[in-house]
Amino acid sequence: MMKTRDNYDLAGLRESTGHEMGLKRNHRWIVMLLAVIAVLFITGCASNAPLDTLDPAGRKSNDINNLINPIFVIAGVVFVIIQGAVLYLGWKFKVREPKEGEESFDGGYPDEEFPEQVHGHFAAEIGWTIGPTILMAAIAIFSVGALLNLDDVDAAPDEAVYPEMEVLVVGQQWWWEFQYYLDGVDGAEQPDFVTANEIVIPVGQDIRIHTTSRDVLHSFWIPRLNGKKDSVPGRTSPWVLQSNEIGRFAGQCTEFCGLSHAYMRMYAVSLTQEDFQTWTDNQMRTREPLQEGDENYEGEQVFLLNCARCHVINGVTSRDISGSVELDTMALYGNIEEYRNHADGTLSQGKYTGPENLTAGAAPNLTHFATRSSYAGSFFQLYPDAQEMADAGNYLELAGSDYARGTLEAWLRNSPKEKPNAQPEQARGMPNLNLSEADIDLLVDYLISLD
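In case it helps, the numbering used here puts the sequence shown at residues 461 to 911.
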């Protein structure tokens, strides 16, 4: 039954009228507040933002974009229609005081202006129930299709140098590790090489990655290449990265993982197949301990005395995890060789993921530190021109170019101050090593030599 003025609660309406009139007097403040909120919102829409979800650079991110763009358009049209109707009806049927010379009336409306009440209108209520249901069902169908495509792997291009390559992505408070298996993980006892903070891939090729974590829940996200994928301790989650263009693409952990979560970043770098071959050849090269009298020998000694208890330089450092004193090789990471044999995707507990080594002793591999553009969870830039050089296809020329020595020195001088909210006392984050200025100089020279 439609409500009319005769059966409407005029007493309640009169009571609400006074309240609404009070709101009307304050409408200017409300408008100003909304304007300020709108301005703050717009400031987040920078066209050159590094974490730009609306500027896809890969096939997977294009799939996401092709899904969300129509949804945003439809949502925008619905928003304009609904909000326009609300504003129009609010203006047309606003309560008012009697005009000069007009007879007084109760309830804020004269009889002829009282709006028709449509509560209980069967056809209208069926319409605005079925309409949104159909719309949401259509969105769900297209969304499921897109989700199923996001972790599909296309065949590698003919020119691919490593068509079966897979990468194990390991999250840890507060940085990322990338273990490369150039011939795939099936049957592999250890990775071919390990890097940190920057995952390098060949352009135009789908790269299967598997995300996991050593400590808490993380989430891997390179917005211009694909969506988010959780990194769960003890499990692996398959995902795909692919880039249509050469360049460096910023990423961020998107799952709160502790107080230093905001500083857990990473980059994906896309190279030509030829440059990728050159890069992998270099990454598989181990180092040899320097001899007394060699350049940077003293810096290496500073490293071994202060940094080697956590960091790895293959061929230089050693640790006694398995009772051996042999120099570190990739066997140190050989703890996930059977994880794909587990139907539920669980990880074997190995010497580098067991509870005793969740954090302590598991720090970024620095074998080729100087070939990376960033460090400390990609929070600091090692090379100021890294973005421009990578986008121009000159990523391999970073080593030997001008670097931010002062920033690196500050990091080595007091890292907890430079990267807030880490917990070095719990082996989560780099501690203050209390190095002398002379040792810092020697250590910087040594690290920059690790190309």
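Think of the CB as a built atom: it goes at the ideal place given N, C-alpha and C, for glycine as much as any other residue.
*asked:* With the cut-off set at 8 Å, would you say proline 683 and threonine 513 are in Cβ contact?
replied: yes
*Count the other CB atoms within 10 Å of the CB of serine 720; is the residue buried (16 or more) or exposed (fewer)?*
buried
*Since valine 621 contacts glutamine 733 with CB under 8 Å, what's their CB separation in whole angstroms?*
6 Å
*asked:* At the level of alpha carbons, what is the spacing between glycine 580 and isoleucine 590?
replied: 16 Å
*Cα separation between methionine 726 and valine 546?*
45 Å
*From the DSSP output, which residues share a beta bridge with alanine 728?*
Ile659 and Phe709
*Output yes or no for whether 8 Å exceeds the beta carbon distance between valine 729 and alanine 850.*
yes
*Entirely within the stretch 752-793 and at least 4 residues each: give me those alpha helix (DSSP H) ranges in chain order.*
757-766
*asked:* Nearest by alpha-carbon distance to alanine 710: which of Gly718, Arg695 and Trp681 is it?
replied: Trp681
*Looking at the structure shown, is aspartate 901 part of a helix, part of a strand, or coil, going by DSSP?*
helix
*Check whether the Cβ atoms of threonine 672 and lysine 689 lie closer than 8 Å to each other.*
no
*Taking all protein chains shown into account, do 16 or more other C-beta atoms lie within 10 angstroms of the C-beta of lysine 554, making it buried, or fewer, making it exposed?*
exposed
*Beta-carbon gap between asparagine 766 and aspartate 788 smaller than 8 Å*: no
*asked:* Can you tell me where the beta strand (DSSP E) holding leucine 669 begins and where it ends?
replied: Sequence check: residue 669 is isoleucine here, not leucine. Element bounds for isoleucine 669: 667-673.
*Does the beta-carbon distance from glutamine 650 to alanine 791 come in below 8 Å?*
yes
_Minimum C-alpha distance to asparagine 894 - residue among Tyr906, Ala882, Lys877 and Leu907_ = Lys877
*Within 10 angstroms of the Cβ of phenylalanine 736, are there 16 or more other Cβ atoms? Answer buried if so, exposed if not.*
buried
*asked:* With H, G and I counted as helix, E and B as strand and the rest as coil, what does DSSP make of asparagine 525?
replied: helix
*asked:* Using only the alpha-carbon positions, how far apart do histidine 828 and histidine 678 sit?
replied: 25 Å
_phenylalanine 539 - DSSP class collapsed to helix/strand/coil_ = helix
_Beta-carbon proximity list for asparagine 892, same chain, < 6 Å, skipping 5 on both sides_ = Asn874 and Pro876
*Going by CA-CA distance only, name the one from Arg747, Gly889, Ala852 and Gly544 that's closest to serine 909.*
Arg747
*Whole angstroms is fine: what's the gap from valine 676's alpha carbon to aspartate 614's?*
31 Å
*Rounded C-beta distance between glutamine 665 and glycine 718? I'm assuming under 8 Å.*
No, glutamine 665 and glycine 718 are not in contact; Cβ-Cβ is about 34 Å, not under 8 Å.
*Can you grab the Cα-Cα spacing for the pair glutamate 760 / glutamate 897, in whole Å?*
15 Å
*Report the residue ranges of all alpha helix (DSSP H) runs contained in full by the stretch 558-643; include only those spanning at least 4 residues, in chain order.*
582-610
*Give the single residue among Trp588, Lys552, Phe532 and Pro592 whose Cα lies nearest to the Cα of glutamate 576.*
Lys552
*If you count every other CB in all the chains shown that lies within 10 Å of the CB of alanine 859, and 16 or more means buried, which is it?*
buried
*asked:* Under DSSP, the alpha helix (DSSP H) around serine 875 begins and ends at which residues?
replied: 875-878
*Assuming proline 824 contacts tryptophan 588 under a Cβ cut-off of 8 Å, what Cβ separation, rounded to an integer in Å, is found between them?*
Proline 824 to tryptophan 588, Cβ: 55 Å. No contact.
*Spatial neighbours of glycine 814 within its chain, please: CB distance less than 6 Å, with the 5 preceding and 5 following residues excluded, ordered by chain position.*
In this predicted model, glycine 814 has a pLDDT of only 38, less than 50, meaning its place in the structure is not dependable; the value taken from the coordinates is given anyway. Same-chain partners within the cutoff: there are none.
*Could you check where the alpha helix (DSSP H) with phenylalanine 736 kicks off and where it finishes?*
733-743
*Quick one, which of Pro623, Val629 and Gly889 has its alpha-carbon nearest arginine 695's?*
Val629
*Of the residues Glu624, Ser703 and Phe716, which one's Cα is nearest the Cα of asparagine 686?*
Ser703
*In the structure shown, what three-state DSSP assignment does glutamate 797 receive?*
Note that glutamate 797 scores a pLDDT of 37, beneath 50, so its modelled location is shaky and nothing firm can be said.
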